[in-house]
Amino acid sequence: ETFAEAGSYCEARAIIQDSSEVTSNSSKRPNKPAPPVEMPGILRKEMALGHHAVAIQAALAKRKQVRSGRIAQLKAVGGLGTCGCCFDDELLPEEELRCSSA
C-alpha cells in the first residue's frame, strides 16, 4: 500500500520511517541471509544510490519540472532550437552546440 503510494522502495521506506505509528526497536536485528529470490531491478538500482535516493529522485523531478516550464516559455516566443542529429524541435538554447565557422 505504501509502495503504491510512493512509487519507489526508498520513498516508501522514508514514508514509513517518518510515520508516527512506527516505534523503533531497542536492539538491532541479527544479520540473516537474503531470501533465495531475484531482487527487482528497481530495488537494486535504488540500493546502489544509497540512502540519498529519495533526495536524488526529488531533485531530478524538480529539474524536469523546471525544464518543462522553460520549454513552454520558449515555445511561446519561438526560442527553441532544432537538433541536427535527431531533429528534436524542443531544444533549449543551452543544449545547442554551435559551429563558430559559419
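In terms of our numbering, the sequence shown opens at residue 58 and continues consecutively. All C-beta atoms, glycine included, are put in the ideal place defined by N, C-alpha and C. Fair warning: this is a prediction, and the values are worked out from it, not measured in the lab.
Would you say residue i and residue j are within 7 Å of each other, going by their C-beta atoms?
i	j	result
Glu103	Cys67	yes
Leu148	Leu131	no
Ala61	Ile72	no
Ile113	Leu106	yes
Can you name the residues that DSSP bridges to residue i?
i	result
Gly138	Leu148
What residue range is occupied by the uninterrupted alpha helix (DSSP H) comprising residue i?
i	result
Gly98	98-106
Ala91	That residue, Ala91, is in no alpha helix (DSSP H); it is neither H nor E in DSSP.
Glu153	Looking at the DSSP string, Glu153 is not in any alpha helix (DSSP H), and its letter there is neither H nor E.
Cys67	66-75
Taking all protein chains shown into account, decide if residue i is buried (16 or more other Cβ within 10 angstroms of its Cβ) or exposed.
i	result
Val111	buried
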